[in-house]
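Trainee:
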Amino acid sequence: MILQALVNYYERLTKKDNVLPAYGWSAEQISYCIVLNDDGSIHHIDDIRLAQQVKNKTTYQPLSLIVPAFPEGKTSGVKANYSWDNTAYVLGVSEKPNKLDEKYQLFWKQVQELDATHSKALQVLQKFPAFWDIHKQEYADWNTKDFFEKNIIFRVLSLGNQFVHDCDEFKKQWQSILDLYMGDLSSGQCLIEGKMAQIANSHKTIKGVDKAQSSGAFIVSFNKSSFESYGLKSGKNASVGTIAAFKYVTALNHLLRRGEHNKQRLKIGDTITVFWAESANKQTEVEAEEDFLGNLINSTSEETASPTDGQETQSLATVLQQVAQGIPLQKLRPDLNPATKFYVLGISPNAARLAIRFWYATTLDEMARHIGLHYQDLHLEPQFGNGLPEIWKLTYATAPIYTDNGKQKTDAEKISPQLAGNLARAIFTGQLYPQSLLSQVLVRIRLDGIVSSIRVSLCKAVINRDIRLSKKNHQEIPMSLDIEEKNPAYRMGRLFAVIEEMQKKALGEEIKATIRDRYWGAASATPALVFPMLERNMMNHLSKIRKTDSYPYGKDKKITGQKLANSLDWQIGQIKEGMETSYPKNLNLQDQGRFAIGYYHQRFTRKIKTKTGEEIDNPVTGDSEVPAQNTDVPA
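Letter by letter, the sequence shown follows residues 1140 to 1774 in this note's numbering.
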């Protein structure tokens, strides 16, 4: 089903000119072009990489070009491409000396075997080895690590900007080589297309998945005899036609391509999620639906957002909210077909192979509704950032935080791969969030002491979705401070925030450690052991606050110590009203999450509504800003 859907996607895209390469060709990352004189000597070398600005730093990315390539690609051993390849084959230079001369000789043997009678480009290319000598001083800069393993193509100066592999005579001969290759393959029934075809011995690699092998990884492969059956060798154990294998690999590599213009790719932890549409609609209509869904998923992605995206992001947030509330997508966006079929594929690296984390067939309407519900479950007030939390950043809330040169950074290596895949599945299918997400977030809050907006919103999302889907007789946690909420854990979180503020006001804002640093873990898990002691200290802090003349309050404001103490005391009374006289001995994971949410609401809500509807200043908030996950995270 997965491979068949990818083949159909390839066929849909090939109806557009030059979107995907034809059979026997491949989109490869090319870094340099050697420009030749008519005698085969080097005129100069063009660096055709693209300069990109990433975090005020210029990086150079290879240019994606369509070049000739055997459908099965390279696996092990020595196998050269025609007219292009990496430096080991083209120039005989590499950081890895293994079989270097054999690679170089094979590449140029293939070039010499081409019939150059009617092609000046091929004639010039065949003269190149006579002039090339890596030991010459003029080529010393080419024998460096920065140059090694980069892909190289050729063009002839007198023939203009046409690359050698694009000349008509080469294309004609390359097709003949492909025909011979096809003739050597055995035939059988293709499991994807259901018809007789030449069966692929091996499939090309999938690229664009972080932490997989640099040369790519496989979805279908048989690299050990223990994986083979019935005496069949290699790819014959999965009877896939060579053309069908080429199509699914090419389509998936297209979906996995990196770049700001690709909104059909989303990275969550080590899991890469891609999606695409299958529809009988016009190509332009399907693309509009894919763009719409891509914008919903990537609207706040670090790779795709820009300072001018504010209005668009707000518009998308409104659509998500309305879709989550059950308003039909067709009513909100009549230009889209809500019944368009979509596929969602989650993959992650596993050495030389790729693991399928999830596969999901859905419709545009259902997909949009699930994403809307995800944001609704996450929604928290006060809000973080510009509104929508980035999907790709959510798993970083479960990772340890460390300080490097004064900056807080996230140790992304510690993110659980299984958690990332399960989180992505929950977002796109509308199923339960993994319970491990809640436990890992709570562990990080306890260890790091950072009660960030993203961490707290994840607590809320896990708990509320569990309540809704399991149909428990519990009330969902509110998105903003609710003074009527009776849940003891939520109220204890609020109480903890007020007591912490009393401590800071009594002892000074610059104290080295607050009760949050020292007692958060115990207060949120075993409150009966901690809160009685905290309350005793609270009375001492209140007394000290009353004796202080004034405190800074808000922007350019001051409040008397007596008035601040009275306000804090009122908050304590309001929170404890209706609570049990004794604190519970233990709180389960969900109640520990409620504790964190109650703390966050009380700590960062600037205005509190009383029972009579009156809005008053929250004495706990003061000058506090809503904390996001204040760390540098890798894209």
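From the three backbone atoms N, C-alpha and C, an ideal C-beta is built for every residue, glycine too.
Only a predicted model underlies this, so the values are computations on that prediction, with no experimental measurement involved.
In chain order, what residues of the same chain lie with their CB nearer than 6 Å to the CB of G1152, ignoring the 5 residues before and after it?
Mentor: Looking at the sequence itself, residue 1152 is Leu, so the reference to Gly does not match. Same-chain partners within the cutoff: V1158, L1159.
Trainee: What separation, rounded to the nearest whole angstrom, lies between the Cα atoms of A1336 and Q1328?
Mentor: A1336 and Q1328: Cα-Cα distance of roughly 6 Å.
Trainee: Can you confirm whether I1273, when its beta carbon is compared against all beta carbons of chain B, has any partner nearer than 8 Å?
Mentor: Checking the listed chains, one finds no chain B in this structure; it contains a single protein chain.
Trainee: Once DSSP output is grouped into helix, strand and coil, what is the label at V1217?
Mentor: Residue state, collapsed to three classes: coil.
Trainee: Can you give the Cα-Cα distance for M1506 and T1344, rounded to whole angstroms?
Mentor: Using only the alpha carbons, I get a separation of about 29 Å.
Trainee: Does the count of Cβ pairs from the stretch 1273 to 1288 and the stretch 1232 to 1240 closer than 8 Å reach three?
Mentor: Yes, the stretch 1273 to 1288 touches the stretch 1232 to 1240.
Trainee: Which residues mark the beginning and the end of the alpha helix (DSSP H) in which L1728 is found?
Mentor: Here the alpha helix (DSSP H) through L1728 covers 1728 to 1743.
Trainee: If you draw a straight line from the C-alpha of H1613 to the C-alpha of S1591, how long is it?
Mentor: Each residue's alpha carbon lies about 25 Å from the other.
Trainee: Helix, strand or coil for G1449 per DSSP?
Mentor: Confidence at G1449 is low in this model, with a pLDDT of 49, below 50, so its placement is unreliable and no value can be given for it.
Trainee: Can you give the beta carbon distance from Y1387 to V1146, rounded, assuming they're within the 8 Å contact cut?
Mentor: Correct: roughly 5 Å between the Cβ atoms.
Trainee: Given T1410, which residues of its chain have a CB within under 6 Å of its CB, disregarding the five upstream and five downstream residues?
Mentor: Cβ neighbours of T1410 beyond the five flanking positions: G1485, S1487, R1496, A1559, G1560, A1563.
Trainee: Please confirm whether G1778 and V1601 have their CB atoms less than 8 Å apart.
Mentor: A question about residue 1778 goes unanswered here, because the residues of the chain that appear run from 1140 up to 1774.
Trainee: For I1292, count neighbouring Cβ atoms within 10 angstroms of its own Cβ and tell me buried if that reaches 16, exposed if not.
Mentor: I1292 should be labelled buried.
Trainee: Out of P1473, P1207, L1324, E1211, which has the shortest C-alpha to C-alpha gap to G1355?
Mentor: Residue E1211 is the option with its Cα nearest to G1355.
Trainee: From H1509 to P1573, what does the alpha carbon distance come to, in whole angstroms?
Mentor: In a straight line, the C-alpha of H1509 is about 16 Å away from that of P1573.
Trainee: Relative to the alpha-carbon of P1723, which residue among Y1221, N1626, A1384 has its alpha-carbon at the smallest distance?
Mentor: The residue with the shortest Cα to Cα distance from P1723 is N1626.
Trainee: Sort Q1244, K1402, A1219, L1493 by Cα distance to K1350 and report the nearest one.
Mentor: When each option's Cα is compared against that of K1350, the closest is L1493.
Trainee: Identify the residues that DSSP records as bridge partners of W1271: which are they?
Mentor: Partner(s): none; W1271 has no beta bridge.
Trainee: Can you look up N1340 in the DSSP assignment and give me helix, strand or coil?
Mentor: Coil at N1340, not helix or strand.
Trainee: Is it buried or exposed for F1270, if we count other Cβ within 10 angstroms and need 16 for buried?
Mentor: That one is exposed.
Trainee: Per DSSP, which residues does E1417 bridge with? Please list them.
Mentor: Bridge partners of E1417: K1480.
Trainee: Do F1743 and A1528 come within 8 Å of each other at the CB atom, strictly closer than that value?
Mentor: In the sequence on display, residue 1528 carries Pro and not Ala. Not in contact: P1528 and F1743 (Cβ atoms no closer than 8 Å).
Trainee: From K1421 to Y1162, what does the alpha carbon distance come to, in whole angstroms?
Mentor: Near 24 Å, if we compare the C-alpha coordinates of Y1162 and K1421.
Trainee: If you draw a straight line from the alpha carbon of E1441 to that of S1619, how long is it in whole angstroms?
Mentor: With a pLDDT of only 41 at E1441, under 50, the local geometry of the prediction cannot be trusted, and the value read off the model is given with reservation. Roughly 27 Å between the two C-alpha positions.
Trainee: From what residue to what residue does the alpha helix (DSSP H) around F1385 run?
Mentor: Residues 1381 to 1394.
Trainee: Do you know how far the Cα of I1382 is from the Cα of S1353?
Mentor: When rounded, the distance between both Cα atoms is 24 Å.
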